[in-house]
Every structure is written in C-alpha cells, then in structure tokens.
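Our numbering applies: residue 1105 is where the sequence shown begins, and numbers increase by one.
Every residue gets a Cβ at the ideal spot worked out from N, C-alpha and C, and that includes glycine.
The model shown is predicted, which means the values in this text are computed figures rather than measured ones.
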Amino acid sequence: MSKILVVDDEENIRTLIKEELEESGYEVFCAPNAKKALEILENNKDIEIICTDIEMPDVNGLELAAEIRKKYSNKKIVFLTAYSHYKSEMASWAADAYVVKSMDVTEIKDTIDHLTKIQ
C-alpha cells in the first residue's frame, strides 16, 4: 500500500482527498501547511507521493517542493491548485504532475495511480 501526504490549507479539501484516496487503498497523511508536512515526512520516510496545494500562507507549495527535492529527491510531487495558470509556468516543472483542484478527485486519483506504477 502506497503512502501519500496531502498538504492543503483548506481542511475540507484535505478531508475530501484523504477519504477518496483511502477508499482506493492508499494510506494518507494530511498537513495544513509546509512546516507540518516536513515534520510528517521526517517521521514517515516511506511516504512516496506528496500532493500539495501551491497557494498557501507562509510557505507556498513551490517552496515546499524545492525543500522536499533537497531532502528527499526520490519523492514524487503532485501540485494541486485552483489556478490553472501555474500549469504553463516554468516553476511548476518542479513537480512530477499537476492537477487543477475540483470537488471531483478522479484526476488526482488517476495521477497518483499512474505515479505509483512508474516508481
């Protein structure tokens, strides 16, 4: 069973994604911000995929991804955002995948399924 970390400052989004991924058989950890995400990663080094929002207070998802790449180069990163313009920005290339958030988490599940198969 793959382990996933979901990082989003919106609790309802974290809960929705967590429930859907758990139904698909994933073990899911959640963090409301980058600081908590890094703590969870430090204590759960077998987490394979990090799904992070880009627009968050304090440390944004791009900065979090850069920190994760420095410390854990083997982790897969999926950017989740409500803003589709990030998809074309070069900074977004720091991620392994990019998903526009919606209440339908099918694209997120499909993306994670794909990433777990190519590890």
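Distance, Cα to Cα, V1209 vs L1142? In the sequence shown, counting from the first residue as 1, residue 1209 sits at position 105. In the sequence shown, counting from the first residue as 1, residue 1142 sits at position 38. Taking the straight line joining both Cα atoms gives about 24 Å.
Segment limits, beta strand (DSSP E) that includes E1131: Sequence index remark: in the sequence shown, residue 1131 carries index 27 (1-based). Segment E1131 to A1135, the beta strand (DSSP E) holding E1131.
Short of 8 Å in beta carbon distance, which residues of its chain neighbour A1170, apart from the five on each side in sequence? Order them along the chain. Within the sequence shown, residue 1170 is the residue found at index 66, counting from 1. The residues are A1198.
Environment of S1128 [buried if 16+ CB atoms lie within 10 Å]: Position 24 of the sequence shown, counted from the start, is the residue given in the question as residue 1128. That one is exposed.
For K1149, the residue or residues it bridges with in DSSP: Working through the sequence shown from its first residue, we reach residue 1149 at position 45. Answer is none; K1149 lacks a bridge partner.
Just to confirm before moving on: does the CB-CB distance between D1217 and L1184 stay below 8 Å? Taking the sequence shown and counting its residues from 1, the one referred to as residue 1217 is at position 113. Taking the sequence shown and counting its residues from 1, the one referred to as residue 1184 is at position 80. No, Cβ-Cβ distance for D1217 and L1184 is not below 8 Å.
As a quick exercise: from K1205, Y1176 and M1105, pick the residue whose alpha carbon is nearest that of E1225. This structure leaves residue 1225 out entirely; the chain is present only between 1105 and 1223.
To the nearest angstrom, how far is the alpha carbon of V1132 from that of L1109? Stepping through the sequence shown from its first residue, residue 1132 is reached at position 28. Stepping through the sequence shown from its first residue, residue 1109 is reached at position 5. One C-alpha to the other measures close to 6 Å.
Beta-carbon separation of E1152 and K1179 under 8 Å? As a position in the sequence shown, residue 1152 is number 48, starting the count at 1. As a position in the sequence shown, residue 1179 is number 75, starting the count at 1. Yes, they are a contact pair.
Going by C-alpha to C-alpha distance, which of K1149, K1122 and A1135 sits closest to V1163? Counting from one through the sequence shown, the residue named residue 1163 turns up at place 59. Of K1149, K1122 and A1135, the residue nearest in Cα terms is A1135.
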